[in-house]
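Trainee: Using my numbering, the letters of the sequence shown correspond one by one to residues 1401 to 1784. Glycine is no exception: its CB is placed at the ideal position from the N, C-alpha and C atoms. Questions regarding the structure given below will be posed in turn.
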Amino acid sequence: MLNFSYVNPVKVVFGKGQISRLRELIPMNAKILITYGGGSIKKNGVYTQVKDALAGHHWLEFGGIEPNPKYETCMQVVEMVKREKIDFLLSVGGGSVLDGTKFIAAAAKYEGGEPWDILEKGAEVKDAVKIGCVMTLPATGSESNSLAVISRNSTQQKLAYYSEKSFPQFCILDPETTMSLSERQVANGIVDTFVHVSEQYMTYPVNTPLQDRMAEGIYLTLIEETPKVKADPMNYEVRANLMWCATWGLNGWIAQGCVQDWLTHMIGHEITALTGTDHGRTLALVLPAVWSYLRESKKEKLLQYAQRIWGITGNDSNQVIDEAISRTKAFFRQAGITATKAEYGVTDEVCRKIAEIAETRNPRWGERQNITGKDVLAILDLCD
Ligand code: NZQ
Ligand code: ZN
């Protein structure tokens, strides 16, 4: 029986040339801090578009939020936000810049002890500086959700939090901004979106036929659009479709009423924390192993996926599931992710550390909250 309550307050502004709308989306009297990453926005013209749109506004900037944004960097910006009395944060870049900005916005208003407690101890975010974003990388869905993932150098941790206070007020999605992405980032984004859908779909049935069809719509669109973006990277229509898939992959709606997993992400985050591997690549490595290992508890959904996404049917359910997993792996390869566990530095030592972390997590990982360290070792053993 469906039973949920969800509000997604993010205003989505989608299409070519929409960055100019910033001038009306941010109040004239706001004191803005523009946050960005390592400089891609200066090379692809996005910075100039933002600057032109905000010509009449009062703004400062901070560049240097790194991929897998670091707590240490965010805390420097928190100081700046307080010192300069910033009351609007505008994130311009990928998911890392936006996640970092969400955390900065929350940490700047945090009145407890150390803001790290928001991530490690689930301390409540009672208030946050207002945020808007120009998203230049379709992958995380961060533009339309209340989640942020932050890493801490000193402890090699990578942790997530979510809070209603961390939704952006608006997101501008101009597919043209994604034309400058490297093939590697395009591939990462496609796989990240695919795996977000999977974390909300590949569990066990609880009578959510519409949510299932919506999730399957995203899978099928990704499968259709991926060869097109590889063949014709400057095709605006294809870029637009991929961008809209990423937003829908994690804007919260396909999850409503469903059971969610997130095991692949939990293991993937730890791989990134320990080896620095890109988020999308960790997911491509881990997801097939999770499906293979948990094939009994995910059986009904795996069979539904096999049939509806890849047209695979048959009497031998193990064979159908194996084939569906192998088609999924081939899709990740087609998207452009081919490396193996060894190339990502996922050594036995790394696997052991992740298994230890799994043992201490409360609640346990997985849709049934029953994944032990032993399960994690077995899953990592199944990775290529
Ligand atoms: O830093 P700059 O110079 O901007 O370069 C970035 C970065 O090097 C570059 N890039 C971004 N847009 C570009 C571009 N290069 C050329 N043209 C453009 N238009 O791409 C590189 C990677 O950027 P990053 O923001 O790190 O990638 P992504 O958007 O995939 O974000 C990954 C982070 O998001 C977290 C991940 O764990 C990881 O930390 N996630 C956040 C989620 C959320 N908030 O909902 C959910 C996800 O599952 C994920 O965990
Ligand atoms: Zn992800």
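So, W1516 versus R1483, is the Cβ gap smaller than 8 Å?
Mentor: For W1516 and R1483, no; Cβs fall outside 8 Å.
Trainee: If you check the beta carbons only, do P1538 and G1500 fall under 8 Å apart?
Mentor: No; because the gap between Cβ atoms is not below 8 Å, this pair is not in contact.
Trainee: Using the Cβ count rule (16 or more neighbours within 10 Å means buried), how would you classify L1610?
Mentor: When all chains shown are included, L1610 counts as exposed.
Trainee: Please report the straight-line C-alpha distance between I1654 and N1429, rounded to a whole angstrom.
Mentor: Approximately 37 Å, taken between the alpha carbons.
Trainee: Can the beta-carbon of G1541 be found closer than 8 Å to that of Q1569?
Mentor: Taking 8 Å as the Cβ cut-off, G1541 and Q1569 do not qualify as a contacting pair.
Trainee: Less than 8 Å between C-beta atoms, sequence neighbours within five positions excluded: which residues of the same chain meet that for K1699?
Mentor: Once the five neighbours on either side are set aside, the close Cβ partners of K1699 are S1717 and I1721.
Trainee: Of all the CB atoms in chain B, is at least one closer than 8 Å to the CB of L1422?
Mentor: In the structure shown, chain B does not exist; there is a single protein chain.
Trainee: Starting from V1535, follow its DSSP beta bridges and name the residues at the other end.
Mentor: The question names Val, but residue 1535 is Met in the sequence shown. DSSP lists G1493 as partners of M1535.
Trainee: Taking C-alpha atoms, which residue in C1751, D1612 and E1520 lies nearest to Q1707?
Mentor: When each option's Cα is compared against that of Q1707, the closest is D1612.
Trainee: Helix, strand or coil: which one does DSSP assign to G1463?
Mentor: Correct three-state label for G1463: strand.
Trainee: To the nearest angstrom, report how far apart V1638 and E1625 are at their CA atoms.
Mentor: Taking the straight line joining both Cα atoms gives about 6 Å.
Trainee: Can you tell me whether V1534 is buried or exposed, with buried defined as 16 or more other CB within 10 angstroms of its CB?
Mentor: V1534 comes out buried.
Trainee: Since Y1447 is in the alpha helix (DSSP H), which residue starts that stretch and which ends it?
Mentor: Run containing Y1447: V1446 to A1453, per the alpha helix (DSSP H) assignment.
Trainee: Can you check which of these residues, K1521, K1701, M1475 and S1554, is closest to K1502 by C-alpha distance?
Mentor: Taking only the C-alpha atoms, the option nearest K1502 is M1475.
Trainee: Output needed for E1583: all residues of its chain with C-beta closer than 7 Å, excluding positions within five of it in sequence on either side, in chain order.
Mentor: Only G1736 meet the Cβ criterion.
Trainee: If the criterion is Cβ atoms closer than 8 Å, does the pair I1771 and A1755 meet it?
Mentor: Not in contact: I1771 and A1755 (Cβ atoms no closer than 8 Å).
Trainee: Where are the alpha helix (DSSP H) runs, 4 residues long or more, that stay fully inside the segment 1613-1699, in chain order?
Mentor: If we require 4 residues or more, the alpha helix (DSSP H) runs fully inside the segment 1613-1699 come out as 1636-1649, 1663-1675 and 1679-1693.
Trainee: Are the beta-carbon atoms belonging to T1578 and M1643 less than 8 Å from one another?
Mentor: Yes.
Trainee: Taking all protein chains shown into account, do 16 or more other C-beta atoms lie within 10 angstroms of the C-beta of F1731, making it buried, or fewer, making it exposed?
Mentor: With 16 or more Cβ atoms within 10 Å of its Cβ, F1731 is classed as buried.
Trainee: Thinking just about the alpha-carbon of each residue, which of V1481, L1703, S1566 and E1696 is nearest to the one in N1651?
Mentor: Per the Cα distances, S1566.
Trainee: Report the option in Q1585, C1571, P1633 and E1767 whose CA atom is closest to the CA atom of E1424.
Mentor: Closest by alpha carbon: C1571.
Trainee: From the DSSP output, which residues share a beta bridge with R1552?
Mentor: Looking at the DSSP assignment, R1552 forms a beta bridge with Q1557.
Trainee: Beta-carbon within less than 8 Å of R1764's beta-carbon, same chain only, minus the 5 sequence neighbours each way: which residues are those?
Mentor: Answer for R1764: A1758, N1770, I1771 and T1772, listed in chain order.
Trainee: Use the C-beta contact count for D1632: other C-beta atoms within 10 angstroms, 16 or more gives buried, fewer gives exposed.
Mentor: Exposed, because fewer than 16 other Cβ atoms sit within 10 Å of the Cβ of D1632.
Trainee: Hey, quick one: how far does the beta strand (DSSP E) through V1412 stretch, first residue to last?
Mentor: Unbroken beta strand (DSSP E) run through V1412: K1411 to F1414.
Trainee: Give me the residue from G1513, R1421, Y1436 and V1525 with the minimum Cα distance to L1489.
Mentor: Comparing Cα-Cα distances from L1489 to each of G1513, R1421, Y1436 and V1525, the minimum goes to Y1436.
Trainee: Ligand 2 heavy atoms versus the CB of H1596: any closer than 7 Å?
Mentor: Correct: H1596 has its Cβ closer than 7 Å to ligand 2.
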